[in-house]
Amino acid sequence: MPTPSAFYEGYSYPPAADHHDDGFGARPTGSSQQSSLRRSHASQSSQASGYGYSYGVPMDEYPAINRRPSFDEGDEEPLTRADDMVEPQDMASSLFPPSRPLPDVPGQNSLRSALRRPTSAFPFGETVNNAHMFRTTSLVSTHVPPQVEQPLRSRTNAEEPRRTQRSSYVPNFDLTLSTHASPLDLPTIGARKFAPGKLGAQDFKKCSEPWAMSGIMSWLAQTVSPEQYAELKEADVLEALVALFTHKVPTMNIADAEGLGGHFISQMYAQGRLVKSEEWVSIVSGKMEGVIYQLTGTGCYSPRLHEHVEPGRCYSRLCQRTLKKVNLQGPPAREMESWEVFYNLSRSDWENADKKELQRQNVLHEIVQTEERYMRQINVLRKLYRDQLANAEPSIITPERKTEFLKEVFGRIDAVKRANEDYLLPQLKYRQEEQGPWVVGFSDIFRQWIRKARTAYLDYAAGFPAANLLVRQELQRNLDFRAFIERASKDERSSRLQWDTYLKAPITRLQRYGLLLESVLKCMKEESTEKKELKIAWEEVKKVTLECDARVAEMQRKADLKDLATRLVLRPAIRESVKLNLDHYRRELVYRGDLQRNSEKKMAWLDSHVLLFDHYLVLAKLTDRRTYDVSRPPIPMDLLVLESTNEPLIQKSSYVRGITSVAAPGTSPVPTVMQNGPVTTLGESDKILYPFKIKHVGQHGHTYTLLASSENSRREWCQNIIKAKMKRAAALQAQNAEPFRLRIMADSAFAPPTMTTGLAGGKAPTIANTPLDRAIKETEQRFQGTSLPGPVCRARVNCATSFLVPQVGKLEPKRKVAVGTDFGVFVSDYDNLRGWRKAIQLSSVTQIAVLEDFNLFLLIAEKVLIAYHLDTICYDDRENVSAPSSTRKAPQRLSGSRDVGFFVTGRMKDRMLVIYKKRENLNSVFKVLEPIYQKTSSYQTSRFNLFRSQTEFFRDYDEFYIPTECSGVRIFRSSLSVATSRGFEVMTLEKKMPWTVPDTAPPHVAGIAAKIRNQRALTMLRLSDEEFLLVYTHCAIYMNQHGEINRSVQVDFEGAAQSATLYGDYLVLFDSNFVEIRNAHNGRLKQVVHGRDVRCLDDGSGEGGTVKFTMLHPDRADRTQLVLELVLNVM
């Protein structure tokens, strides 16, 4: 019994049949109309793998239902097993530990390096009783792993000793270490930078005598040694000294510590212990003489006096351990009083003083007075609101939420209160009593306070937006809480101020500090130490204020998004397919506002609230319950197109109440607007609307006309949409997230045959940083200073291919590009996008291909398959002649009548085959030709036998037919697939028995079967030896080598694919409005390239082929068709 041939990759034969080397089995004998598969096992359940799209929702969180996956960011997770992966690098690095030890340090020739060399069957590893054991091998294993090369390292001079030693290595080496070993020649490591902020208590303990300059000098030499830190600045030394002083004397003021540090550094310069070199300094070891009496006795030369805590000051005027602060537990402060009233000053006491000084004293007094009021506000927030909510019975807030609510809203206020009561208010009042009425200043107090209070204020600023949102949400849903807030606002302690005044008090107070200190600074005319210190204090407070403002803005953004996430209510059908993921990192609300949009069902305009996020544009409607009803699918940013920004103005018509209609163009009172000028006729301004158009491209898309109330509003909307798309494009480029870039192959050579339709709305704005924009700018820069040449052809571009041709006198071949149009074939060098010339004068060239091994050029012109000798096309590269010689090979007609639909080329079982399709009645007849090598080029022909049915280029190999309309063929190693109106048919040329795939009989794939039932089959693509991808117009499904659907999810497309191809690991789909690029192994959307009249020219299926397509030029759509090539980026 003869062995049947393989059917195609992945199908099983009967048990008695043999298998081909590609893993496909033969089909059981039976009718050609059968579409069921013979399973190789009893059953196979479909497994839903980690699956998702580019905005981050894993598909394994979805139930296996028929719906479109989410459009959001996310981490890529493979869908196949580790052994089926085409992109296994991440899996391999995470699942399998390295099977070899780390390489040696460059230049190391120690015993450890010698023992690591293989002396037995184990090439690498550790030694156990002088036996070399492989690191991942069991002690009882007899398996000997293969020799593994050490990983390559960067080459340095340090590698030379190791290479020399390795070259002279013999197995019987001496284990005695040589005393004449060459020293290490390691590359210089970059100098370390000293970080004083990393010093800790252990470092400070090393300085046992901080009062002696010699002790401090020894500590510095030990801590900041030149051997460790080559890059040292004077500011770093000062910061280290301040940290040391404040650690030894915790009560020392920061300003005093900086003063002492500056004095010590000046003494180091004077005694030659600190040397300056440009911006760097170096410490010179040695002794220093002198004493810092402020550090004696840990801050006081009478330390025993401080063993007993007593009120009042130490008798030492320069004692650093006495806290200069008042007791805040005393009698309550007086109400707000002016400076002169507070000190009981008469007019004669201050009328002769400088006006600026009087203003300064009033501002200093205001600082203290407003600080006392601020502390009362904090106490109101704590006692009136927090404590009463915590102790209310029955509980105003549900018990399960009360603890968390109190923590989120009031949990950070105690730290703010503690920082101000410990380091600011008592010191201010003490200074006021000590120096008043003419206070010198508060600069040292604020410098000390801001360092202690910075963390507390930053934490409060970060939590404020969330706390504010929680209170507002509770007010909306809790009537008892609302009544409590109203009672608290009427309490006399609250001074009839609302709750948000007290909740926001720390934020506003911090901003107020900067304004007050700036006012004091402006009132100081003369330069002084206080003015210098006050300027530093103001800058430090301002810096913290800006940090807090940034925290508030960032957290407010998150809080707003969190609030919108609860208020945006998507319709059930939309909710299943779209996940907004507003809680994701760096999510942003770019713009929002009220617009009107056109209704689809009636002549009316609907009020809409439009939200523009960084990843979606959402059209919603505000409901009575203050939620947003989303009835239209949100538009992903990659699928959003701003079609026009200058639509003609329209006017409302109020003949029917509640319905607004568009006035007829050109009739009064419709206004007219100049392109760059003012409105000439406006009528009633409240009835004028300013439209612009946006488009959601794809099969689920729609064009929306949005109406703004003013020209400024329309301009802002258009600018923000462009800004959001540019930011998205720039982010994709910066993250190298786009798998392809574009290369222009023809920018002006091919013009459209007639004026392009669909451009009445005006030119769409250009989005910078997109791959198309970058490709156009690169071309313009390349030909900068030269005029744009005219077109060589005004016809529709239909196909393209690239190929190599030998060059006379050169070893390397030249790459050429050919383009087929309705007016013939044009050829140019691959790197010369403006060097196109006509090579073949024929009409309606719809498909071209090159067989480089056979020197043949194939094309379909007017539905006739013709073969040309490649010398005829590229005569200027083969010989130095100006035109093809009459002795060249004449073109050969391969088909009979004008009925060829398409052809494909490919290798099957090491044979190069050409298969073309003819139509006979309702059947599709396929002819299979095999090219043959030509031995001579001296064949003569005449004009009478220019085209003939018998050919010297090919021989007839086989033929078959499919009893239905077919649209494509894909050749595999031993079989082929045919895309028909009924789906996909798989067959071999030996059996010629078509087999319909996939198998849709199992009940668990009923949903997928219903999805693909009425879709047009495009192509069948091989992903691996075990898996295929079946591509339809609107989706793609995964099939194993047995013809079974092996995944319970399908890849739903955004557009309606007209053609598809596999390029590398990516599925490239062509819609008329854009190119959709997905990861073929998990279906994630990776890139979208927008355009008009997009068509695939070359699917890149040949050896060394690339994907080429055409579109109208975005800026010259009526004059130019771009020919573009997809170039794979280096990820």
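For the sequence shown, the working numbering gives the first residue as 4, with consecutive numbering after it.
Glycine residues also receive a C-beta, built at the ideal position from the N, C-alpha and C atoms.
Going by Cα to Cα distance, which pick from the options is closest to residue i?
{"i": "Tyr272", "options": "Met220, Ala260, Glu261 and Val252", "result": "Met220"}
{"i": "Val621", "options": "Leu925, Ala607 and Leu642", "result": "Leu642"}
{"i": "Phe963", "options": "Tyr936, Arg985 and Glu923", "result": "Glu923"}
{"i": "Gln722", "options": "Ala778, Thr648 and Arg350", "result": "Thr648"}
{"i": "Leu567", "options": "Leu427, Ile577, Thr875 and Leu583", "result": "Leu583"}
{"i": "Pro792", "options": "Gly838, Ala1012, Val1133 and Leu745", "result": "Gly838"}
{"i": "Gly1058", "options": "Phe467, Ala749, Thr1036 and Ser1051", "result": "Thr1036"}
{"i": "Lys728", "options": "Pro774, Leu692 and Asp750", "result": "Pro774"}
{"i": "Ala711", "options": "Asp632, His612, Pro636 and Tyr631", "result": "His612"}
{"i": "Lys377", "options": "Ala754, Leu916 and Leu428", "result": "With the sequence shown as reference, residue 377 is identified as Tyr, and Lys is not the correct amino acid for it. Minimum Cα distance to Tyr377 is reached at Leu428."}
{"i": "Leu979", "options": "Lys995, Gly517 and Lys236", "result": "Lys995"}
{"i": "Tyr871", "options": "Pro894, Cys317 and Phe857", "result": "Pro894"}
{"i": "Arg914", "options": "Phe929, Lys920 and Asp959", "result": "Asp959"}
{"i": "Asp825", "options": "Phe753, Gln559 and Leu614", "result": "Phe753"}
Residues in its own chain within less than 6 Å of residue i by CB, not counting five upstream and five downstream?
{"i": "Asn1076", "result": "Val700"}
{"i": "Leu98", "result": "Its pLDDT being 28, under 50, Leu98 is placed unreliably in this model, and the value from its coordinates should be taken loosely. None."}
{"i": "Ala540", "result": "Ser446, Phe449 and Arg450"}
{"i": "Ala508", "result": "Gln380"}
CB residue i to CB residue j, shorter than 7 Å?
{"i": "Ser827", "j": "Ile843", "result": "Here residue 827 turns out to be Gly, not Ser, going by the sequence shown. Cβ distance < 7 Å, so Gly827 and Ile843 count as in contact."}
{"i": "Leu598", "j": "Leu709", "result": "yes"}
{"i": "Gln380", "j": "Tyr505", "result": "yes"}
{"i": "Ser808", "j": "Cys877", "result": "Position check: residue 808 holds Val in this sequence, whereas Ser was assumed. Against a cut-off of 7 Å, the Cβ pair of Cys877 and Val808 comes out as a contact."}
{"i": "Val383", "j": "Arg490", "result": "no"}
{"i": "Tyr460", "j": "Leu513", "result": "yes"}
{"i": "Arg744", "j": "Asn1132", "result": "yes"}
{"i": "Ser898", "j": "Leu854", "result": "no"}
{"i": "Val848", "j": "Leu861", "result": "no"}
{"i": "Phe207", "j": "Leu247", "result": "yes"}
Considering just the uninterrupted stretch of the beta strand (DSSP E) at residue i, what are its terminal residues?
{"i": "Thr706", "result": "Thr706 to Ala711"}
{"i": "His612", "result": "Trp608 to Phe616"}
{"i": "Leu897", "result": "No beta strand (DSSP E) holds Leu897; DSSP gives it neither H nor E."}
{"i": "Pro768", "result": "Here Pro768 belongs to no beta strand (DSSP E), and DSSP marks it neither H nor E."}
{"i": "Tyr1069", "result": "Tyr1069 to Phe1073"}
{"i": "Ile286", "result": "Trp283 to Ile286"}
{"i": "Ile697", "result": "Ile691 to His699"}
{"i": "Asn1043", "result": "Cys1038 to Asn1043"}
{"i": "Ile918", "result": "Arg914 to Glu923"}
{"i": "His1093", "result": "Leu1088 to His1093"}
{"i": "Gln599", "result": "Leu592 to Asn601"}
{"i": "Ile863", "result": "Leu859 to Ala864"}
{"i": "Trp222", "result": "It is not in any beta strand (DSSP E) - Trp222 instead sits in the alpha helix (DSSP H) that spans Met216 to Thr226."}
May I ask which residues mark the beginning and end of the alpha helix (DSSP H) holding residue i?
{"i": "His250", "result": "Glu237 to Lys251"}
{"i": "Cys721", "result": "Glu714 to Ala737"}
{"i": "Gly1010", "result": "Ala1009 to Ile1015"}
{"i": "Met558", "result": "Thr532 to Arg570"}
{"i": "Asn835", "result": "Per DSSP, Asn835 belongs to no alpha helix (DSSP H) and is neither H nor E."}
{"i": "Val344", "result": "Trp342 to Phe345"}
{"i": "Tyr296", "result": "It is not in any alpha helix (DSSP H) - Tyr296 carries neither H nor E in the DSSP assignment."}
{"i": "Pro402", "result": "Pro402 to Phe413"}
{"i": "Gly261", "result": "The residue asked about is misnamed: residue 261 is Glu in this sequence, not Gly. Its alpha helix (DSSP H) spans residues Ile257 to Ala273."}
{"i": "Gln850", "result": "From DSSP, Gln850 is part of no alpha helix (DSSP H) but of the beta strand (DSSP E) over Val848 to Leu854."}
{"i": "Trp452", "result": "Ser446 to Arg480"}
Please tell me whether, using a cut-off of 6 Å, the distance from the CB of residue i to the nearest non-hydrogen atom of the ligand MG is below it.
{"i": "Met220", "result": "What this structure holds is no ligand at all, so the ligand MG is not there to describe."}
Could you name the residues of the same chain whose beta carbon sits closer than 7 Å to that of residue i, not counting the 5 residues immediately before and after it, in chain order?
{"i": "Ile638", "result": "Tyr619, Leu620 and His699"}
{"i": "Asn772", "result": "Met729, Ala732, Ala733 and Gln736"}
Leaving out five residues on either side along the sequence, give the residues of the same chain with a beta carbon under 8 Å from the beta carbon of residue i.
{"i": "Glu1153", "result": "Residue 1153 lies beyond the range of the chain shown here (4 to 1134); nothing can be said about it."}
Counting beta carbon pairs with one atom in the segment 967-979 and one in the segment 1003-1022, are three or more of them shorter than 8 Å? They touch, by the three-pair rule.
State whether the segment 1107-1122 contacts the segment 1090-1098, with contact taken as three or more CB pairs (one from each stretch) at a distance under 8 Å. Result yes; three or more Cβ-Cβ pairs closer than 8 Å.
Using 8 Å as the Cβ pair cut-off and three pairs as the minimum, do the segment 811-820 and the segment 793-800 touch? Taking 8 Å as the limit for Cβ pairs, the verdict is that the segment 793-800 does not touch the segment 811-820.
Mind the definition here: the segment 291-299 touches the segment 208-227 only if three or more C-beta pairs lie below 8 Å; say whether that holds. With a cut-off of 8 Å, the segment 208-227 and the segment 291-299 count as touching, because enough Cβ pairs lie within range.
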